[in-house]
Every structure is written in C-alpha cells, then in structure tokens.
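Just below is one structure, and these are the notes that go with it.
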Amino acid sequence: METPKRSRTATRARLLEGALEVFAERGFAGASVEDICEQAGFTRGAFYSNFGSKDELVLTLFQATTDRLLEQIEALLPDLANQPGTLLDAVLGLLDDAIGDQRQWHLISTEFTLHALRNPDAARALIEQRAMFRASLTQLVEKISTTSGVTFSVPPEQFVRLIIALHEGARSQSLLEPASVPAGSLEHAFLPIVLDAVSRPSR
Numbered sequence: 000m001e002t003p004k005r006s007r008t009a010t011r012a013r014l015l016e017g018a019l020e021v022f023a024e025r026g027f028a029g030a031s032v033e034d035i036c037e038q039a040g041f042t043r044g045a046f047y048s049n050f051g052s053k054d055e056l057v058l059t060l061f062q063a064t065t066d067r068l069l070e071q072i073e074a075l076l077p078d079l080a081n082q083p084g085t086l087l088d089a090v091l092g093l094l095d096d097a098i099g100d101q102r103q104w105h106l107i108s109t110e111f112t113l114h115a116l117r118n119p120d121a122a123r124a125l126i127e128q129r130a131m132f133r134a135s136l137t138q139l140v141e142k143i144s145t146t147s148g149v150t151f152s153v154p155p156e157q158f159v160r161l162i163i164a165l166h167e168g169a170r171s172q173s174l175l176e177p178a179s180v181p182a183g184s185l186e187h188a189f190l191p192i193v194l195d196a197v198s199r200p201s202r
C-alpha cells in the first residue's frame, strides 16, 4: 500500500517532469500552472499542495539537479582528489550529464534568470539557491586542495564562480554554434590553464 509520503513524492516528481515538458514547448513565461497540471495529469489543488508558485517549482528543479551533481562529485573524490586536473575534467563531464537536455535546461535557466532580474522576490530566491550550490561546490574544492596539497592564490569561492561563469557562457555558444564550439571544448581547454594559474603546491 502506498504511503501518503510516497504518494506526495510521486506527485511532485510527475509535476516536475510535466513542467519540464511544458517549459520546453512554451517557455517559462508562456507556461501556466494549468498547462503544467494538464501535462502531469493533476489539478491545480495538487499543484499548490506541493508548490507555492511556478517560481518555487523551477527552483526545486534547480535544487534537484545541483544536489544530484554534488552527490556524483562526492563519489569521485576518493579516486581523483589527488589529481585536480583529472577531477576537473570529470566534474565538467558531470555538469553536462546531470543536466541532460542541454538546450532545454539552458532555456529554462536563462528565462528564469531574466524573470529574476525583473522580480525581486524571484531574485532573492535564485540568489539563495545559487549561493547554496556555490557553498557546497566551494567546500568540495577546498577538500580537493587539502587532499592534493594545492593552495589557491584566490578565494576558492571566486574560482568556483569562474567555473560556473565559463561553463554557462560556453554552453550558450555551443548551443548556437555546435560545429565551431563543441560542448565542453572551451571548459576543457581553458579551465586547467586557469587552475594552474591560481594554484600552487602547498608542500
């Protein structure tokens, strides 16, 4: 027999899946709560018993993706922590694998960022979500630097911000010009150079 908790989890998962499909077809701004409910096979009541708003649903999607990515990176640490360059390549690969449909995800992320720039409440929520992700990723970077005997000449959080900025910018170029900028090519070419420039052996 399905428990209420399990049923609620399944409902949330179906709403999130339905939202992704609707966003892909109509965009974040063009998709309504009703559209999402129809796609997932639920009522508005089911939606609002799980999410306070469409914004909250999108932020939940972001959080689920970043949580999965961080778990995957943690799993790599025992084998690769002593090889920062190799670990960096592995993390870049995971960034793509964790997201899945790159075009769909880039559209949702970009549209919600634009929405947040116009909406202070959405901006605060997005800043908080991104800050949590950066903090977790920064802790991993610090753990790697300690294990591998590397010291950064810049605050690790700034290095993490650069990784994210380069990855997001490169993804935009790759989606527009896949032949000229294959996915991951800019990150794999330049992040190791940046890592060498901002780090040195601590012993």
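Mapping of the sequence shown onto numbering that gives the first Met the number 0: position 145 corresponds to residue 144, and the numbering continues sequentially without gaps. For each residue, glycine too, the CB sits at the ideal point set by N, CA and C. For clarity, every value in this text was computed on a predicted model and none was experimentally measured.
The three-state reading of DSSP puts valine 197 in helix, counting H, G and I together. Excluding the 5 residues flanking it on each side, arginine 102 has same chain C-beta neighbours closer than 6 Å at Leu174, in chain order. With a cut-off of 8 Å on Cβ pairs, the segment 137-153 is in contact with the segment 71-80, counting three or more such pairs. When DSSP states are grouped into helix, strand and coil, threonine 146 belongs to the helix group. Take the alpha-carbon of glutamine 82 and the one of glutamate 156: they are about 20 Å apart.
The beta carbon of phenylalanine 151 sits closer than 7 Å to those of Ser144, Phe158, Val197 and Ser198, all from its chain and outside the five residues before and after it, given in chain order.
Cα atoms of aspartate 34 and valine 21: separation of roughly 7 Å, rounded to the nearest angstrom.
Taking histidine 187 as reference, the option from Leu113, Asn118, Gly92 and Arg67 with the minimal CA-CA separation is Gly92.
Distance from the Cα of alanine 134 is smallest, within the candidate group Phe111, Leu194, Leu113 and Ile163, for Ile163. Annotated three-state conformation of phenylalanine 41 is coil, per DSSP.
Within 10 angstroms of the beta-carbon of phenylalanine 132 lie 16 or more other beta-carbons, which makes it buried. Within the segment 122-182, complete beta strand (DSSP E) segments of at least 3 residues are found at 149-151, given in chain order. Glutamate 110 is positioned such that its CB atom lies closer than 8 Å to that of glycine 26.
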